[in-house]
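Trainee: Shown below is the structure under consideration.
Residue numbers (our numbering): -8 to 147.
This is how it looks when you write it as structure tokens:
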């Protein structure tokens, strides 16, 4: 009985100490590492975020701000925007520079972009059917005299 107790105690002690034998011994650091560890760690750069406001054409003024940041080597980490500021910020976030954005703005077809109308040729088949069957705007034609759209004609 005592022999079993002794053997089980020894086995338990051996199992508990086997984990320490598998750990790596602590190696002394080389002189080069010791010297670099004495230097204080370099401070992480602060993150810069830019919030761009909306305002239609006034949102294009953000291009000047972004260009100023580029000229003064100020990195922009985060961009947020509302309305036109969101459009400018989204394009800037794709990696385009302020000069490239200015070129896009100068060559854009603004009446088409802001008008919201899609030409009949570019509509999907189902949308063309909708335009023909359900006129949803009042357009008064002047060709061959004034006339109302087909949905408003008096059919007597």
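Idealized CB from N, CA, C, for every residue including glycine. Since the structure is predicted, the reported quantities are computational estimates derived from the model, not experimental observations.
In the DSSP assignment, what are the bridge partners of residue 72?
Mentor: Paired residue(s): 43.
Trainee: State the DSSP-derived secondary structure class of residue 36, mapped to helix, strand or coil.
Mentor: Residue 36 falls in the coil class under three-state DSSP.
Trainee: What do you get for residue 64, buried or exposed, if any count of 16 or more other CB atoms within 10 angstroms of its CB means buried?
Mentor: Exposed, because fewer than 16 other Cβ atoms sit within 10 Å of the Cβ of residue 64.
Trainee: Could you tell me which of 97, 61, 98 sits nearest to residue 86, measuring between CA atoms?
Mentor: Nearest C-alpha to residue 86: 61.
Trainee: Roughly how far, in whole angstroms, is the beta-carbon of residue 43 from the beta-carbon of residue 76, given that I think they are within contact range, below 8 Å?
Mentor: Contact flag correct, Cβ pair sits at about 3 Å.
Trainee: Exposed or buried, which one is residue 98 when buried takes at least 16 other CB atoms within 10 Å?
Mentor: That one is exposed.
Trainee: I believe residue 114 touches residue 125 by the beta-carbon criterion, under 8 Å. Please report the beta-carbon distance rounded to the nearest angstrom.
Mentor: Rounded, the Cβ-Cβ distance is 13 Å, inconsistent with contact.
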